[in-house]
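If you read the protein sequences in the order shown, they are chains E and W. This note's numbering applies: residue 16 is where the first sequence begins, and numbers increase by one. This note's numbering applies: residue 16 is where the second sequence begins, and numbers increase by one. Everything below concerns the one structure shown next.
Protein chains: 2
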Amino acid sequence: MSKLRFEISISLDGYVAGPNQSEEHPLGEGGEQLHEWVIGLAAWREPHKYEGGEVNASTPLVEESQSGVGAVMMGRNMFGGGPGPWGDDPWQGWWGDDPPFKAPVFVLTHHEREPLTLGATTFTFVTDGIESALEQAKAAAGEGDVHLAGGADVAGQYLSAGLVDQMQLNVVPLLLGDGAQLFEGGTGAGLGLEQVLSVEAPGVTHLRYRVG
Amino acid sequence: MSKLRFEISISLDGYVAGPNQSEEHPLGEGGEQLHEWVIGLAAWREPHKYEGGEVNASTPLVEESQSGVGAVMMGRNMFGGGPGPWGDDPWQGWWGDDPPFKAPVFVLTHHEREPLTLGATTFTFVTDGIESALEQAKAAAGEGDVHLAGGADVAGQYLSAGLVDQMQLNVVPLLLGDGAQLFEGGTGAGLGLEQVLSVEAPGVTHLRYRVG
């Protein structure tokens, strides 16, 4: 049975992006520090077509999170896009000519758009809600899991709806103080969590929970 | 040199107490779940005069946090007290006839009160601010460290003032959704944190950071 797995990097004070997200600062001001632990890893660099990189205690978790994924879901801001509709010359997103996903990606948005294929990745834009997106993603995933990549808003909707099966927070030693909070306004309050593992690694601690 | 160590149990969504704190619910509604990981441990039960208890991966950290402490600081709500002044028949706090601290305790409050000795613990009430309280606690601690026990408000003041040397968060798999947030309103934003250790234990993960 295909699971919905959610994974995100988060500051110790609960932010998954810094303030003032923009084309210049897609992760918000200071938000890129949330991902420093991963961009130096060979396990991340290889699928993103960078050379070299380290192997450390995060490596098995990064490899694991990339394997067994049959489909990916994300919000419109994570795909890459401003607040308005797509327009006549819609932007191709943050992910370049050959995105690293290698699996169908379902983008939650309020604005219809034809599917977009870049390299080996096809982005399908879903406008009829989170249940529909999950249904389509699970159908596309076959035996694989569905990886919910974020951002905070979409992840919060899935958490609050009780649709997430597994949640992994990569907790970074950083106090951002402002930005997008994953658990703002009581997101997921009362969900049952079972701690599955905690792994200390350089510059990050990985916390994985089964969500009930 | 005496260090200021801060340690607190916190839900995954950042709450250190549940909503509606009262005499009936000193930790707020649901807040007692934040401490379930510790109250079953022999290392906690013995100084609190309960019998039995378990030994697990949390044990060395609990023992360590109790050793080398020369003085304790806490806020007035953590000592035990409502919002008003102390009154003619002031309450003796949450901690019983023989509190577990075995070290001088400095209580931050806006209301003057004579020192209170219960068993082997003397509570000194400090009304002239957090720097004064820390100075008095360090003087009392001698070679030992000062343990900042909380709650969220007092801890936030020390964090924001850059006075904390070490912070340990005991992260509990719980989404409270409401209550007292440690990092509300940008507390400690921009402080340098260095991850010192992360320890997975039953029902909790301990995250320790060097601050500043």
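The beta carbon of each residue, even a glycine, is placed where N, CA and C say it ideally should be. Keep in mind that this is a model prediction, so the values were computed, not measured.
Would you give the residue range spanned by the alpha helix (DSSP H) that residue i belongs to?
i	result
residue 70/E	Looking at the DSSP string, residue 70/E is not in any alpha helix (DSSP H), and its letter there is neither H nor E.
residue 94/E	91-94
residue 172/E	167-175
Would you verify that the beta carbon of residue i is, or is not, closer than 7 Å to some beta carbon of chain W?
i	result
residue 206/E	yes
residue 193/E	yes
Check the Cβ of residue i against every Cβ in chain W and list those closer than 8 Å, keeping chain order.
i	result
residue 220/E	210, 213, 220 and 222
residue 203/E	28, 190 and 192
List the residues of chain E that residue i touches, going by C-beta distances under 8 Å, in chain order.
i	result
residue 161/W	Chain E residues near residue 161/W: none, gap ~21 Å exceeds 8 Å.
Chain W partners of residue i, CB-CB under 9 Å?
i	result
residue 87/E	What residue 87/E touches in chain W: nothing, since even the nearest Cβ is about 24 Å away.
Give a yes or no on whether 7 Å exceeds the smallest Cβ distance from residue i to chain E.
i	result
residue 198/W	yes
According to DSSP, residue i sits in a beta bridge with which residue or residues?
i	result
residue 196/W	30/W
residue 224/W	182/W and 210/W
residue 25/E	186/E
residue 138/W	120/W and 131/W
residue 143/E	According to DSSP, which records beta bridges pairwise, residue 143/E is partnered with nothing at all.
residue 53/E	Bridge partners of residue 53/E: none, in fact.
residue 162/E	20/E and 87/E
residue 216/E	219/E
- [ ] Could you name the residues of the region 19-40 of chain W whose beta carbon sits closer than 7 Å to any beta carbon of chain E, in the order they occur along the chain?
- [x] 27, 28 and 29
May I ask you to list, following chain order, the residues of the region 171-186 of chain W that have a beta carbon less than 8 Å from some beta carbon of chain E?
-> 184 and 186
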